[in-house]
Amino acid sequence: MDMRTLGFQSSRWQSRLRMLMLLLLIGVTGLSTSVVLAQADEQPATAADSVTGEAAADRAVATSPAAERFGVREMFTQADVVVKAVMIFLVLCSLLTWAVLFEKLVVFAKARRANQRFLAGFRNNDLTLLHEQAEHSAMGRMWQVAQAEVTHFGRNRSADADQINRLLQRMSLTASIVQERDLARLGSMMGVLATIGATAPFIGLFGTVWGILNSFASIATMKSASLAIVAPGIAEALLATALGLFAAIPAVMIFNKFARDINGFVGGLDNFSAEMIADVSRKLDEVK
């Protein structure tokens, strides 16, 4: 009952931590975007040309009406509703990717430290440290279920070699069940990263195709193929593709990083399981 309560509380706090990181990241990203756009608005539109022969042309341009600035903000505000929805969705996917990165860094570092502490106590045969760290690491939980099998087996001291082999098999089986449960917890949200990495470019491409369709519709409506008419719609469409790549590339890299980390955890837990079973088998042989 205590183990279930602790596990439930741990998962609940991890969910709260993940949500807090996501909200914090959204706030920081929004603030950074506002600062960048404000700085971009303060930059001069043009620089003075150093060639003397072009000074008159520069003055003529300066006296003409100021050219309308067409940056990222203008691309978004002037885009079609569908393209806007695609852009917003891709930005949210990117924020979710970075939130998963920070949450996984904390979870993996905590799990790695807990396993190292427990493994040090196990190899030093420090029973006090083992019982203290058993609830906080995957290796400790594997050791607990294995010790439960050994305790149950100890009630029948007149066991033959076949019963000992079955004991070792049960230890391996119960330890593997706990191992898979912990690996599933470490691998949570990995499917989300894989989905974002695989689909974000195509979602951005959908926004690009939609924006180009609107550009061609504008050409048909205004009966003009002027670059000034076509360029804004194409720029807005390409922005959707850029956001799709911006969301997909980090997601793929982060997914590969944590996939390697999980494989490392699998190897470490497998080695511990073999070491634990070998230690129990050695002790049983000494008793016999």
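Each residue of the sequence shown is one higher than the one before, counting from 184 in our numbering.
Beta carbons are placed, not taken as given, at the ideal position from N, Cα and C, and that holds for glycine.
Residue i, enclosing alpha helix (DSSP H) - first and last residue
i           : result
residue 405 : 373–405
residue 335 : 321–337
residue 345 : 344–369
residue 298 : 264–306
residue 315 : 310–316
Environment of residue i [buried if 16+ CB atoms lie within 10 Å]
i           : result
residue 287 : buried
residue 423 : buried
residue 379 : buried
residue 224 : Its pLDDT being 48, under 50, residue 224 is placed unreliably by the model, and the measurement read from it follows with that caveat. Exposed, because fewer than 16 other Cβ atoms sit within 10 Å of the Cβ of residue 224.
residue 469 : exposed
residue 346 : exposed
residue 363 : exposed
residue 397 : buried
residue 273 : buried
residue 403 : exposed
residue 381 : exposed
residue 374 : exposed
Other residues of its chain near residue i: CB distance less than 7 Å, five sequence neighbours each side excluded
i           : result
residue 449 : 366
residue 384 : 427, 428 and 431
residue 460 : 351, 354 and 355
residue 444 : 291
residue 370 : 445
Cβ shell of residue i (< 6 Å), same chain only, five flanking positions each side left out
i           : result
residue 320 : 297, 298 and 301
residue 441 : 287
residue 433 : 280
residue 420 : 391, 394 and 395
residue 228 : A caution first: residue 228 carries a pLDDT of 39, below 50, which makes its placement in the model unreliable, though a value can still be read off. The answer is none, since no qualifying residue turns up.
Same chain, Cβ closer than 8 Å to residue i, five either side skipped, listed in chain order
i           : result
residue 333 : 350, 354 and 463
residue 312 : 300, 301, 303 and 304
Near the ligand PLP: residue i beta-carbon under 7 Å from a heavy atom
i           : result
residue 352 : Ligands in the displayed structure: none, and consequently the ligand PLP is not present.
Cβ pair count under 8 Å reaching 3, the stretch 357–364 against the stretch 391–399:
no
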